[in-house]
Amino acid sequence: MELNSHRMEDFRGRYRYIKAFAGLAFFLLFIDLWYLQVFKGSEFRRLSENNRIRIREQIADRGMLLDRRDRILAQNRPSFEVFLVPEDLKANPEVVGKVGEMLNLSREEMDQKLKGLKRRPAFRPIKIKSDIDWNRLALLESNRVHLPGLLVDVRPRRSYPYGHLASHLIGYLGEIDENELREVKEGIYRMGAFVGKYGVESQWEGDLRGTDGGRQIEVDALGREIKHLRSVESFPGNNVILTIDLDLQEAAEEAFQDKNGSLIAMDPRTGKVLAMVSKPSFDPSVFARTISPEEWKDLTDHPSHPLQNKGLQGQFPPGSVFKIVTAIAGLETGAITPETILTCTGAYPYGNRSFRCWKEKGHGPINLHRAIVESCDIFFYQVGLKVGVDAIAHYAGELGLGKKTGISLPHEKSGVVPSSAWKKKRYGIPWYSGETLSFAVGQGYLNTTPLHLAQLISTIANGGKIYLPQVVERVEDIYGVRVREYPPVEMRRANISERTLRIVREGLMGVVNEPHGTGWGCALKQAKVAGKTGTAQVIRMAADFKRGDMNRLPMKYRDHAWFVAFAPYEDPQIAVAVLVEHGGFGAVAAVPIARKVIETFLNLPPSSPEKATQEPEESVYD
Amino acid sequence: MIDRRLLIHFDWTLLGIVLLIASIGILNLYSGGPNGETSGTPIYLKQMLWLGIGLGVMLMIAFIEYRYYADIAYIVFAVALLLLILVFGFGIITSGARRWFKFGSFSFQPSEFVKIALIMALAKFFQRPPDREGYSLKQLFLPFLFLCVPIVLILKQPDLGTAIILALIFFSVLLFVKIRWSSLFLLIGAGGIFVPLVWGLLKEYQKKRIITFFNPELDPLGAGYHLIQSKIAIGSGGILGKGFMKGTQCKLGFLPEQHTDFIFSALGEEWGLIGCLIVIGLYLGLILWGLRIAIQSKDRFGAVLSFGVVSMLFWHIFINIGMVMGMMPVVGIPLPLLSYGGSFLLSTLMGIGLLLNLSMRRFLF
Numbered sequence: 121m122e123l124n125s126h127r128m129e130d131f132r133g134r135y136r137y138i139k140a141f142a143g144l145a146f147f148l149l150f151i152d153l154w155y156l157q158v159f160k161g162s163e164f165r166r167l168s169e170n171n172r173i174r175i176r177e178q179i180a181d182r183g184m185l186l187d188r189r190d191r192i193l194a195q196n197r198p199s200f201e202v203f204l205v206p207e208d209l210k211a212n213p214e215v216v217g218k219v220g221e222m223l224n225l226s227r228e229e230m231d232q233k234l235k236g237l238k239r240r241p242a243f244r245p246i247k248i249k250s251d252i253d254w255n256r257l258a259l260l261e262s263n264r265v266h267l268p269g270l271l272v273d274v275r276p277r278r279s280y281p282y283g284h285l286a287s288h289l290i291g292y293l294g295e296i297d298e299n300e301l302r303e304v305k306e307g308i309y310r311m312g313a314f315v316g317k318y319g320v321e322s323q324w325e326g327d328l329r330g331t332d333g334g335r336q337i338e339v340d341a342l343g344r345e346i347k348h349l350r351s352v353e354s355f356p357g358n359n360v361i362l363t364i365d366l367d368l369q370e371a372a373e374e375a376f377q378d379k380n381g382s383l384i385a386m387d388p389r390t391g392k393v394l395a396m397v398s399k400p401s402f403d404p405s406v407f408a409r410t411i412s413p414e415e416w417k418d419l420t421d422h423p424s425h426p427l428q429n430k431g432l433q434g435q436f437p438p439g440s441v442f443k444i445v446t447a448i449a450g451l452e453t454g455a456i457t458p459e460t461i462l463t464c465t466g467a468y469p470y471g472n473r474s475f476r477c478w479k480e481k482g483h484g485p486i487n488l489h490r491a492i493v494e495s496c497d498i499f500f501y502q503v504g505l506k507v508g509v510d511a512i513a514h515y516a517g518e519l520g521l522g523k524k525t526g527i528s529l530p531h532e533k534s535g536v537v538p539s540s541a542w543k544k545k546r547y548g549i550p551w552y553s554g555e556t557l558s559f560a561v562g563q564g565y566l567n568t569t570p571l572h573l574a575q576l577i578s579t580i581a582n583g584g585k586i587y588l589p590q591v592v593e594r595v596e597d598i599y600g601v602r603v604r605e606y607p608p609v610e611m612r613r614a615n616i617s618e619r620t621l622r623i624v625r626e627g628l629m630g631v632v633n634e635p636h637g638t639g640w641g642c643a644l645k646q647a648k649v650a651g652k653t654g655t656a657q658v659i660r661m662a663a664d665f666k667r668g669d670m671n672r673l674p675m676k677y678r679d680h681a682w683f684v685a686f687a688p689y690e691d692p693q694i695a696v697a698v699l700v701e702h703g704g705f706g707a708v709a710a711v712p713i714a715r716k717v718i719e720t721f722l723n724l725p726p727s728s729p730e731k732a733t734q735e736p737e738e739s740v741y742d
Numbered sequence: 035m036i037d038r039r040l041l042i043h044f045d046w047t048l049l050g051i052v053l054l055i056a057s058i059g060i061l062n063l064y065s066g067g068p069n070g071e072t073s074g075t076p077i078y079l080k081q082m083l084w085l086g087i088g089l090g091v092m093l094m095i096a097f098i099e100y101r102y103y104a105d106i107a108y109i110v111f112a113v114a115l116l117l118l119i120l121v122f123g124f125g126i127i128t129s130g131a132r133r134w135f136k137f138g139s140f141s142f143q144p145s146e147f148v149k150i151a152l153i154m155a156l157a158k159f160f161q162r163p164p165d166r167e168g169y170s171l172k173q174l175f176l177p178f179l180f181l182c183v184p185i186v187l188i189l190k191q192p193d194l195g196t197a198i199i200l201a202l203i204f205f206s207v208l209l210f211v212k213i214r215w216s217s218l219f220l221l222i223g224a225g226g227i228f229v230p231l232v233w234g235l236l237k238e239y240q241k242k243r244i245i246t247f248f249n250p251e252l253d254p255l256g257a258g259y260h261l262i263q264s265k266i267a268i269g270s271g272g273i274l275g276k277g278f279m280k281g282t283q284c285k286l287g288f289l290p291e292q293h294t295d296f297i298f299s300a301l302g303e304e305w306g307l308i309g310c311l312i313v314i315g316l317y318l319g320l321i322l323w324g325l326r327i328a329i330q331s332k333d334r335f336g337a338v339l340s341f342g343v344v345s346m347l348f349w350h351i352f353i354n355i356g357m358v359m360g361m362m363p364v365v366g367i368p369l370p371l372l373s374y375g376g377s378f379l380l381s382t383l384m385g386i387g388l389l390l391n392l393s394m395r396r397f398l399f
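As given, the protein sequences belong to chains A and B, one line each in that order. Under our numbering, the first residue of the first sequence carries the number 121, and numbering increases by one thereafter. Under our numbering, the first residue of the second sequence carries the number 35, and numbering increases by one thereafter.
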């Protein structure tokens with residue numbers, strides 16, 4: 121290799137400059153070191169004792185939740201919280217005992233709290249007690265000079281003025297856990313932050329959260345603030361305006377009395393949820409502080425699942441409400457016409473079984489309209505056999521059953537709509553035509569949530585439009601400027617003819633307003649209501665089981681009661697689905713609740729309560 | 035196989051400096067690393083294991099004839115890029131960035147090796163001398179590509195620190211190999227137009243983040259707080275330091291990267307000005323010694339290769355120490371041989387291996 125071709129002299133020429141540059145850079149480092157360690161050395165040494173520069177967090181106010189008419193459903197109130205700083209306790213261990221005494225906490229409890237958190241920097245304050253009363257606050261504040269390491273801070277605490285009201289929709293907060301902390305971007309949350317864990321509080325967390333601030337301060341040797349250095353202001357989160365109406369929600373919750381179940385009221389013209397009830401409910405404010413293990417266990421182990429939003433997490437067979445779908449399948453496929461007459465003798469032998477109608481004596485020859493009005497089982501058994509399982513499944517899917525509605529709330533269930541292919545895949549065996557009979561009247565494998573049925577009845581009422589159910593109207597910042605709006609979303613149109621829908625609607629109107637209609641308990645003088653009752657079997661009844669025996673069964677085996685309705689018939693503005701768990705027959709348990717909600721919505725004077733409960737023994741319809 | 039003359043010319047001075055700094059590093063990690071509460075092997079032991087492996091790799095690299103590296107330079111670079119791409123598919127996420135491969139308890143950061151691979155590729159490219167005036171912009175197209183591809187991949191992880199180091203290595207080498215004055219001015223001019231243009235396109239919150247980055251005091255609860263604590267730690271060391279294992283500030287755990295990026299604050303607190311001067315002096319010695327090796331190389335490949343390594347070491351040292359003292363923006367750039375981290379120690383020692391290699395062959399022609 122020729123040395124010449126390498127032209128090394130290029131590099132040699134630069135050597136001097138590069139050396140000088142490196143020397144200068146290191147000289148700069150040296151100057152800065154000198155400045156920090158010699159010139160400012162003693163000041164920094166003082167500041168390094170018990171870590172004098174600290175940060176005091178300033179938690180942002182969480183955005184409020186409001187109803188559609190701006191009434192506050194969730195807000196913040198100040199809470200006085202007591203902290204101890206482990207770093208400052210090292211020199212004054214007696215403070216732990218003194219503070220414990222003032223707060224009525226035993227030594228063990230105090231030690232537990234101070235020890236509980238590992239890998240935590242010693243200068244970080246540890247929360248000892250939150251929400252102390254004024255007397256304790258005064259006691260602590262007046263003794264503060266003698267209690268180095270004590271820190272009392274006021275922080276926003278979530279409060280819910282209406283307690284249990286709409287608790288499942290509103291949701292609750294909880295302390296951020298390690299997984300969440302790891303996944304979110306650094307810096308947004310600190311350890312111990314409260315974040316939405318359920319409901320709107322969780323789903324709109326990004327809007328509600330706000331930006332935390334804080335102050336950098338200098339403390340003295342006892343941990344007391346002596347100098348304020350720099351600060352960052354916190355900024356409150358956005359307010360979220362819900363679609364529900366407080367009055368309607370209150371009426372619906374009251375109507376449930378002590379019954380368990382769910383109600384969803386929706387505007388069939390927009391898909392906006394007007395009321396959402398799930399019973400039993402809970403008080404979301406218990407989660408706004410650190411919930412005790414006992415309280416948590418009580419809530420999660422409760423047999424009626426108070427933490428579950430049954431409106432979208434509870435799955436139940438729709439019972440006779442599903443006859444709406446079977447009727448549509450029959451009309452759309454041409455298997456029946458409104459004039460078709462089928463005979464009900466009270467029992468329908470099929471295979472080696474006898475399928476019964478709820479009316480033992482039978483309805484005799486009956487057409488579609490009367491079959492809907494009187495909820496004749498045997499009519500719909502025969503329609504089911506005529507169209508077959510897959511046609512029914514098709515129209516159930518067309519109306520949104522068997523899949524999630526897409527509502528912006530966590531843990532929505534999709535329900536189940538069986539079909540021959542579904543059964544083959546799920547169980548590996550073919551569909552038995554006998555199963556079509558149960559399917560046609562809404563029993564068997566079929567499962568729906570109350571939200572499904574609210575959407576279904578809305579779709580019937582509005583002429584086939586399937587709207588996305590929505591719970592939030594808009595988001596506003598603290599100055600009231602709209603940040604985001606949620607206009608109605610028409611997801612698709614059910615492929616069902618207007619004529620079929622009209623025939624079904626007429627039937628549903630008859631259910632409430634015609635003689636022998638099963639939903640007569642919802643008939644109002646001032647407005648026409650249309651609806652459908654249903655009963656979901658919890659267990660299969662013995663062949664000789666009498667309807668009246670239901671009240672003698674243990675609660676957990678009793679049937680679930682359904683009622684879906686919309687009003688006014690001519691111009692539907694509200695659609696309701698009510699489920700009463702183990703309520704027995706739809707007419708008795710569920711109808712009065714829907715009635716109350718519709719009355720409230722239409723601003724009608726409440727009907728006499730006797731009318732709803734005064735029911736003859738044998739008029740217990742399905 | 036190993037020429038006897040190689041052993042005679044082995045660069046004991048360089049090895050001595052490196053071993054001295056590395057030993058100080060281990061001692062410092064022993065004292066300043068996270069205290070007992072964390073489970074598992076103490077990090078100073080892990081670092082010793084990595085040091086052992088690293089020294090082995092270093093010697094291996096040192097004794098292979100370096101012109102062989104010219105033959106495989108582009109292949110090594112391609113493999114490094116491939117690893118960078120693979121890390122998106124198979125890497126694990128730590129504190130929001132996808133930078134690491136993990137095999138059992140052993141993790142590995144491919145972006146570290148890209149630094150060495152880039153230096154090799156640049157050395158290979160600049161092996162052919164330019165004409166009298168230097169390289170023109172057109173001739174620099176390929177090396178620009180060498181820089182931009184890994185930078186885009188690394189910024190996506192995201193790892194700003196490593197991306198900055200790659201860019202600094204690249205531009206240092208560019209100045210070293212002589213580019214045309216006209217090209218240089220064109221580059222500076224283009225930058226001068228481009229930067230304000232991009233700045234205008236940025237959203238308000240992005241601008242704010244960049245401003246905070248250069249002036250951490252604007253973020254008194256985050257970076258600004260870490261910085262003041264780091265300055266207090268170093269400053270409180272004074273002239274003589276608080277003594278080995280006597281540091282308090284750095285044990286409190288307020289710094290997010292106390293045993294990696296902020297390790298120099300622990301050194302400053304415990305060893306004071308005297309200790310810091312010794313370490314900085316050793317680093318300066320390392321840089322000057324490395325420069326001498328580059329200048330004395332017998333060919334262009336060797337000169338650019340060793341200069342690339344030296345510039346990598348220099349920028350790491352200067353930016354890291356400047357950062358913990360508040361002279362530089364807080365970017366995640368570790369300190370060679372002092373910061374904890376296996377992949378980084380390994381890439382540093384690979385670079386040193388190249389320097390040793392060139393050093394002992396400078397008389398062999």
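A virtual CB, placed ideally from N, CA and C, is assigned to each residue, including glycine. The model shown is predicted, which means the values in this text are computed figures rather than measured ones.
Of the residues A:Tyr468, A:Tyr155 and A:Leu257, the one whose Cα lies closest to the Cα of A:Asn224 is A:Leu257. Within the region 193-259 of chain A, the complete alpha helix (DSSP H) runs of at least 4 residues fall at 206-209, 214-222 and 227-235.
Against B:Met361, the close residues of chain A are Leu148, Leu149 and Asp152, in the order they occur along the chain (beta-carbon pairs closer than 9 Å). Interface flag for B:Phe348 against chain A is set, since a Cβ pair is found closer than 8 Å.
With its beta carbon at least 8 Å from every one in chain A, B:Leu369 lies outside the interface. In this structure, A:Gly294 is the residue among A:Gly294, A:Gly326, A:Gly319 and A:Trp324 with its C-alpha nearest to the C-alpha of A:Gly312.
DSSP places A:Gly334 outside any alpha helix (DSSP H); the residue lies instead in the beta strand (DSSP E), whose first and last residues are Gly333 to Val339.
Residues of chain B whose Cβ lies closer than 9 Å to the Cβ of A:Tyr135 are, in chain order, Leu325, Arg326, Ala328 and Ile329. Leaving aside the five residues that flank A:Glu596 on each side, the residues in its chain whose CB is nearer than 7 Å to its CB run, in chain order, Asn358, Asn359, Ile361, Arg602 and Val603.
A Cβ-Cβ distance of about 6 Å is found for the pair A:Gly334 and A:Arg176, placing them in contact under the 8 Å criterion. With a threshold of 8 Å between beta carbons, B:Phe124 makes no contact with chain A. Taking all protein chains in view, the Cβ of A:Thr465 is surrounded by fewer than 16 other Cβ atoms within 10 Å, so the residue is classified as exposed.
Residue pairing by DSSP places A:Gln178 opposite A:Gly333 in a beta bridge. Taking every protein chain shown into account, the CB of B:Asp165 has fewer than 16 other CB atoms within 10 angstroms, so this residue is exposed. Contact annotation, A:Val507 with A:Gly564: C-beta distance approximately 16 Å; criterion of less than 8 Å not satisfied. Classified as exposed, B:Phe178 has fewer than 16 neighbouring CB atoms from the shown chains inside 10 Å of its CB.
The beta-carbon distance between B:Ser65 and B:Glu251, rounded to whole angstroms, is 29 Å. This is too long to meet the 8 Å contact definition. Boundaries of the alpha helix (DSSP H) harbouring B:Gly258: Ala257 to Ser270, taken from the DSSP string. Taking every protein chain shown into account, the CB of B:Asp253 has 16 or more other CB atoms within 10 angstroms, so this residue is buried. In this structure A:Arg277 is in contact with A:Ser199, their Cβ atoms being roughly 4 Å apart against a cut-off of 8 Å. Under the three-pair Cβ rule at 8 Å, the region 538-554 of chain A does not count as touching the region 482-502 of chain A.
Chain A has no Cβ within less than 8 Å of the Cβ of B:Ser373. For A:Lys648, the closest alpha carbon among the candidates A:Leu628, A:Thr638, A:Gly654 and A:Phe683 is that of A:Leu628. Excluding residues up to 5 positions away in sequence, Leu176, Pro177 and Phe180 lie with their Cβ nearer than 8 Å to the Cβ of B:Phe159 in the same chain. Proximity of chain A to B:Tyr259 at the Cβ level (cut-off 7 Å) is accounted for by Ile175 and Gln336, in chain order. The alpha-carbon of A:Ser412 is positioned some 15 Å away from that of A:Asp251. DSSP lists B:Phe142 as the bridge partner or partners of B:Phe135. A:Ile713 and A:Asp418 have their C-alpha atoms some 28 Å from each other. Each residue's CA atom was taken as its position, placing B:Lys212 and B:Tyr169 some 7 Å apart.
Look at B:Ser270: its C-beta is under 8 Å from a C-beta on chain A.
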